[in-house]
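J.:
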Amino acid sequence: MAKIKIVHYLNQFFGQQGGEDKANLPPQKKKGAVGPGTALAGELKDYVDIKATIICGDGFANEKKEQAASQIREYLIELEPDLILAGPAFNAGRYGMACGMVAEIAADLDMPAVVGIYPENPGYEMFSQYGYFIETGDSAASMREALPDIADFIKLYLKREGKPGSPEEANYLPRGIRKNTFADERGAKRAVKMLMAKIKGADYDSEYPMPTFDRVEPAPAIEDLSQAKIALVTSGGIVPNGNPDRIESSSASKYGKYKIADFADLTEDSHETAHGGYDPVFANEDADCVLPVDVLRDLEEEGRIGKLHEYYYSTVGNGTSVANAKVFAREIAQKLLSEGVQAVILTST
Amino acid sequence: MEDRTLFINKDKLLAKIKDDHRIADIDLEIVRPGDDVRIMPVKDVIEPRFKNSGGDMFPGFTGDDDMVGSGITKVLAGTAVVTTGEVVGFQEGIIDMSGPGAEYTPFSKTINIVINCEVSQGIKQHIHEEVLRLIGLTAANYIGEAAKDAKAHETRIYEHKPLLEACSLNGGLPIVGYIYMLQSQGLLHDTYVYGVDAKEILPTLISPTEVMDGAIVSGNCVSACDKNTTYFHQNNPIIEELYEKHGKEINFVGTIITNENVTLADKERSSSFTARLAEKIGLEAAIISEEGFGNPDADLIMNCKKLENRGIKTVLITDEFAGRDGASQSLADSTPEADAVVSTGNANETIILPPLEKVIGNDEHADNIAGGFAGSLKEDGSIEVEIQAIIGATNELGFNKLTARGY
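Residue numbers (the working numbering), protein chains in the order written: chain A, 2 to 350; chain B, -10 to 396.
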């Protein structure tokens, strides 16, 4: 069997370019395998040839997405690999997102992609449909187990000529893609069997697992509000006039951070909504009805809250995927913590 | 009938059904499995049956007696009356008698008596639907009469005891029921029970044998893939499979029909009523079947949640609308309690139906029926559509073997 050509994607760290100081490294390609690629090439020496490695800083890949994507796309078109390998990214959020983005580009070019990732990495949930995501541990300490799993999958993928079978059969994480097939028995018979198993407390497999619910425990109550720094965060799309960050009116891919330290009241001269999912007339006339800055200033003056945080965060909830929302929430929460905020008022529309 | 062969006098049948001033044109054809024929847009499918005793088929419409569900019912199994003609809504469907499309519809396996009917100009859509509905039922009854003196080749006995007696029987077997959701969103999305619009009912008990005798009639134009044609009601596979295990592994004591109305208050009332009724009759477990998708997903989930909250174990049957790429969330609503779901397939998956020699009805609506899109109908007569457009493809009573799996 002829060996297939692989292009491997790594971040700056695993690509041996440096640590966080090199996070802004733009995409570049190197000949042959690098870092974990070398070990994988060893595991797969009779099957694959890692022709090149694309290395990009995690900061660059996430903050200059479009630039990164177009460069990576150009490399892939030029290199014409049979398969793209990315990571393993473990639980590194930005690295996982970058690997997912690479899988998305590959899918668009009709190239198969294989990504090593920890299941809770947001890159998996967001991009799972674009490639085969192989489960790894949450840190690089599990590299030793991750590489053979990835190698095994690639071998199986080649053996089955690009049709690896179901996630259970081929040991990849579910891609969230539903495909039709004919079962051995009609649906009504399967339902009665499932019901009898459920009654008996026996094992059964639901044919459509409900999406999992990410329930968040509320934080403990603030004991003394008069000393607390309170922030406003909204999915109602309130932005300074002109929508400087071009937050989309639907299916938002970003959020904005805006200063309100100088405002006691939001007016049509200063703020508007970017949201496309509700009648915007009132929000454009008086953005306080979505982002209640005026009321919080009153409370501040009355001494009932310590201080209104000088920045607010805003995005658009309209049709925005849960995967995107999770990434925003994670980042916003981290920033609020580092800004010393004790409590947040979340407003939706 | 001569032994197993049914003869139809075309003129007599047409005379029986065409006496309606709203009809402009009507014709009849017989198509068989394997024929190079496409029927579209199909409105309803009905199985011809005859009741030797215990009332008439389709009470409230063509039936004279007020109650059904007992006595002897003869079935002309293997045949079906199919109504077609100019599209009523946008949600009529396709039956291919051969080719890849035939795999997806159970009506490629029946000998179909196809009534192609056009109504007079200016007839409103809901009247058009009613005309076709009545023609179909009348034709099925006329054909069914042929079974009157025919000898049955197979006999099945279905017993449905009074509730108290039923519950005290088969001591120890789990008491199981069936929650039968009927499409009732209105505006061409209607189902009738004994002639009553299901929108107007409170959830109630119905005997499975009443269902077999045509107590439930389809009057709806929801997407072809998951609308319950009258045929599916008559042959409800959930009822059949529950009967199959009845007295052996389960005690199948009751069927509750409920509706799928559009307002939240209606949904809450109907699902609460259903759950209470299920509890009152002592159900330990139940199968819940949906009809349609999207909005009724909310009814399905409410029924599930409220039954489970009362300690009644549930299995749901639904189809999926996961997008053409299969990557979207399949239902419009969900709840963690819905941990046992049978999927009857992703209705958005597309299929190419190659041209067939003959089209009964009219294929020019291929782009507009639910599941079609701009460019569905190709120049060579082939049609690229979502399987949503095929009659019964993802039937949520679990009539077929189709399912969807995660990849």
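Where is the CB? At the ideal position from N, CA and C, for every residue including glycine.
According to a CB-to-CB cut-off of less than 8 Å, which residues of the stretch 317 to 338 of chain B neighbour chain A?
T.: So the close ones are Q318, S319, L320, S323, T324, P325, A327, D328, A329, V330, V331, S332, T333, G334, N335, E338.
J.: Taking a Cβ distance cut-off of 8 Å, strictly less, list which residues of the stretch 91 to 108 of chain A are near chain B, in chain order.
T.: none
J.: Looking at the C-beta of A:F264, does it have a partner C-beta in chain B at a distance below 9 Å?
T.: So, not an interface residue.
J.: For B:H115, report the span of its alpha helix (DSSP H) as first-last.
T.: 114 to 133
J.: Just checking: is the beta-carbon of B:D314 within a distance shorter than 9 Å of some beta-carbon in chain A?
T.: B:D314 counts as touching chain A.
J.: Does the count of Cβ pairs from the stretch 271 to 280 of chain B and the stretch 371 to 389 of chain B closer than 8 Å reach three?
T.: With the cut-off at 8 Å, the stretch 271 to 280 of chain B and the stretch 371 to 389 of chain B touch.
J.: By alpha-carbon positions, which one of A:D185, A:R187, A:A152, A:H9 ends up nearest to A:A171?
T.: A:A152
J.: If distances are taken between C-alpha atoms only, which option among B:A187, B:T307, B:T180, B:R258 comes closest to A:M211?
T.: The shortest Cα separation from A:M211 among B:A187, B:T307, B:T180, B:R258 belongs to B:T307.
J.: Quickly, what does DSSP pair A:I261 with across the bridge? List them, please.
T.: Per DSSP, none; premise fails for A:I261.
J.: Name the DSSP beta bridge partners of B:A393, please?
T.: A:N181
J.: Where does A:K156 fall in DSSP's three states?
T.: Per DSSP, reduced to three states, the secondary structure at A:K156 is helical.
J.: Suppose contacts are defined by Cβ-Cβ distances below 9 Å. Is A:F15 in contact with A:G36 by that definition?
T.: yes
J.: Which residues of chain B have a Cβ atom closer than 8 Å to the Cβ of A:A184, listed in chain order?
T.: K390, L391, T392
J.: Expressed to the nearest angstrom, what Euclidean distance is found between the alpha-carbon atoms of B:P226 and A:N92?
T.: 47 Å
J.: What does the Cβ neighbour count give for A:F183, buried or exposed, with the cut at 16 atoms within 10 Å?
T.: exposed
J.: Hey, how far is the Cα of A:A275 from the Cα of B:K367?
T.: 41 Å
J.: Could you tell me whether the Cβ atoms of B:L(-5) and B:A91 are closer together than 9 Å?
T.: no
J.: For B:V304, is the classification buried or exposed, using 16 other Cβ atoms within 10 angstroms of its Cβ as the cut-off for buried?
T.: With 16 or more other Cβ atoms within 10 Å, it is buried.
J.: Could I get the ranges of all uninterrupted alpha helix (DSSP H) runs contained in the stretch 26 to 98 of chain B, with 4 residues as the minimum, in chain order?
T.: none
J.: Does the structure place the stretch 39 to 53 of chain B close enough to the stretch -5 to 5 of chain B that three or more beta carbon pairs sit under 8 Å?
T.: no
J.: Could you pull out every residue in the same chain whose Cβ sits closer than 6 Å to the Cβ of B:Y131, ignoring the five residues on either side in sequence?
T.: L2, K5
J.: List, in chain order, every chain B residue whose beta-carbon is nearer than 8 Å to that of A:P212.
T.: Q318, S323
J.: Taking B:A329 as the reference, give the member of A:V328, A:L196, A:I248 with the closest Cα.
T.: A:L196
J.: Checking the sheet assignment: what are the DSSP bridge partners for B:E107?
T.: Partner(s): B:D14.
J.: In terms of DSSP beta bridges, what is A:P241 paired with?
T.: A:H272
J.: Have a look at A:G117 and A:A3 and give me their C-alpha separation to the nearest angstrom.
T.: 24 Å
J.: Chain A partners of B:L231, CB-CB under 7 Å?
T.: V193
J.: Does the beta carbon of B:K1 come closer than 9 Å to any beta carbon on chain A?
T.: no
J.: Any C-beta of chain A sitting closer than 9 Å to the C-beta of B:V34?
T.: no
J.: Would you mind reading off the limits of the beta strand (DSSP E) that contains A:G33?
T.: Run containing A:G33: none; DSSP gives neither H nor E here.
J.: In chain order, which continuous runs of the alpha helix (DSSP H) of length 4 or greater are located wholly inside the stretch 214 to 285 of chain B?
T.: 219 to 223, 226 to 234, 253 to 269
J.: To the nearest whole angstrom, what separates the beta carbons of B:I270 and B:G243, a pair I think is in contact under 8 Å?
T.: 5 Å
J.: Taking the C-alpha atoms as reference points, what is the distance between A:K30 and A:P241?
T.: A:K30 and A:P241 have their C-alpha atoms roughly 40 Å apart.
J.: What does DSSP give as the partner residue(s) for A:L309 in the beta ladder?
T.: A:I231
J.: Check distances from the C-beta atoms of the stretch 215 to 231 of chain B to those of chain A and list, in chain order, the residues that come in under 9 Å.
T.: N225, P226, I227, I228, E229, E230, L231
J.: Alpha carbons only, please: which of B:V374, B:K302, B:G203 is nearest the one belonging to B:N337?
T.: B:V374
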